[in-house]
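A quick write-up on the structure given underneath.
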Amino acid sequence: GAVVSQHPSRVICKSGTSVKIECRSLDFQATTMFWYRQFPKKSLMLMATSNEGSKATYEQGVEKDKFLINHASLTLSTLTVTSAHPEDSSFYICSAWDTYEQYFGPGTRLTVT
Amino acid sequence: RKEVEQDPGPFNVPEGATVAFNCTYSNSASQSFFWYRQDCRKEPKLLMSVYSSGNEDGRFTAQLNRASQYISLLIRDSKLSDSATYLCVVNAGKSTFGDGTTLTVKP
Numbered sequence: 001g002a003v004v005s006q007h008p009s010r011v012i013c014k015s016g017t018s019v020k021i022e023c024r025s026l027d028f029q030a031t032t033m034f035w036y037r038q039f040p041k042k043s044l045m046l047m048a049t050s051n052e053g054s055k056a057t058y059e060q061g062v063e064k065d066k067f068l069i070n071h072a073s074l075t076l077s078t079l080t081v082t083s084a085h086p087e088d089s090s091f092y093i094c095s096a097w098d099t100y101e102q103y104f105g106p107g108t109r110l111t112v113t
Numbered sequence: 114r115k116e117v118e119q120d121p122g123p124f125n126v127p128e129g130a131t132v133a134f135n136c137t138y139s140n141s142a143s144q145s146f147f148w149y150r151q152d153c154r155k156e157p158k159l160l161m162s163v164y165s166s167g168n169e170d171g172r173f174t175a176q177l178n179r180a181s182q183y184i185s186l187l188i189r190d191s192k193l194s195d196s197a198t199y200l201c202v203v204n205a206g207k208s209t210f211g212d213g214t215t216l217t218v219k220p
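Just so you know, the protein sequences line up as chains R and P, in that order. 1 is the number of the first residue of the first sequence in my numbering; add one for each residue after it. 114 is the number of the first residue of the second sequence in my numbering; add one for each residue after it.
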């Protein structure tokens, strides 16, 4: 099946710093990618839809200036958490559809100290 | 009310047991339905799609009732390796996830 990769898999950073997470579709092209976050024992919450060559679409309550999304190519989307705070600590997962199935990246566990 | 609601669980069952999970959704315009499996600290992986006619894949059977806006997953002859969180996913243009039901299969 299709593969979606994410990098890094785990990051620990200090409050106030910015963190960039990369999401790549390895064997298919994705004009649209999705970014989710997941808190412990909770489900995935869609943060934004990343559109290749245009602006991302953010879900209600998600600050677009806080979570910067860039989808510069058909295989790469990036999420930058700017000026991270401890409450941003979470599991961030990207995904993309390949024809009929939605594939997820392995996730990035962000811890802000 | 949540858009997708699942049995809260957890379900703790012995090996060989049959277990059923339920899921209801509120958006009648939903078009596609899925069950995903998520292991601890891992990404979700597709278990099966759910069709109106019902579908079966080995020990797993999924059912969809559009009139009642209800989806189910039945696992027969549970294995230890079935222990995971099962996510109900409903798509009406974008995927909405239930909170998941945790299953623990014990020897």
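For each residue, glycine too, the CB sits at the ideal point set by N, CA and C. What you are looking at is a predicted structure, and each value in this text was computed from that prediction instead of being measured.
Per-residue burial, residue i [other beta carbons within 10 Å of its own, 16 or more giving buried]
| i | result |
| --- | --- |
| Asp152 of chain P | exposed |
| Ile188 of chain P | buried |
| Arg114 of chain P | exposed |
| Asp195 of chain P | buried |
| Arg150 of chain P | buried |
| Phe124 of chain P | buried |
| Ser208 of chain P | buried |
| Phe39 of chain R | exposed |
| Thr108 of chain R | buried |
| Tyr164 of chain P | exposed |
Short CB-CB distance (under 7 Å) between residue i and chain P
| i | result |
| --- | --- |
| Phe104 of chain R | yes |
| Glu22 of chain R | no |
| Glu101 of chain R | yes |
| Ile12 of chain R | no |
| Gly61 of chain R | no |
| Ser54 of chain R | no |
| Ile93 of chain R | yes |
| Leu76 of chain R | no |
| Ser43 of chain R | yes |
| Gly107 of chain R | yes |
Beta-carbon proximity check, residue i vs residue j, cutoff 7 Å
| i | j | result |
| --- | --- | --- |
| Ser191 of chain P | Glu128 of chain P | yes |
| Thr57 of chain R | Asn70 of chain R | no |
| Ser18 of chain R | Val112 of chain R | no |
| Glu52 of chain R | Leu74 of chain R | yes |
| Thr217 of chain P | Asp120 of chain P | no |
| Leu76 of chain R | Arg24 of chain R | yes |
| Cys136 of chain P | Gly206 of chain P | no |
| Met47 of chain R | Trp35 of chain R | yes |
| Ala96 of chain R | Val4 of chain R | yes |
Local conformation of residue i per DSSP, three classes
| i | result |
| --- | --- |
| Pro8 of chain R | coil |
| Asp152 of chain P | coil |
| Pro86 of chain R | helix |
| Ser185 of chain P | strand |
| Leu193 of chain P | helix |
| Tyr140 of chain P | The question names Tyr, yet the displayed sequence has Asn at residue 140 of chain P. Three-state result, Asn140 of chain P: coil. |
| Thr113 of chain R | coil |
| Pro123 of chain P | coil |
Chain R within 7 Å of residue i, Cβ atoms only
| i | result |
| --- | --- |
| Phe210 of chain P | yes |
| Glu160 of chain P | It should be noted that the sequence gives Leu, not Glu, for residue 160 of chain P. By this cut-off, Leu160 of chain P is not an interface position. |
| Glu156 of chain P | yes |
| Gly213 of chain P | yes |
For the stretch 201–209 of chain P against the stretch 18–33 of chain R, do three or more pairs of beta-carbon atoms, one drawn from each stretch, fall closer than 8 Å, so that the two count as touching? no
Would you call the stretch 90–106 of chain R and the stretch 154–174 of chain P in contact, with 3 or more CB pairs under 8 Å? yes
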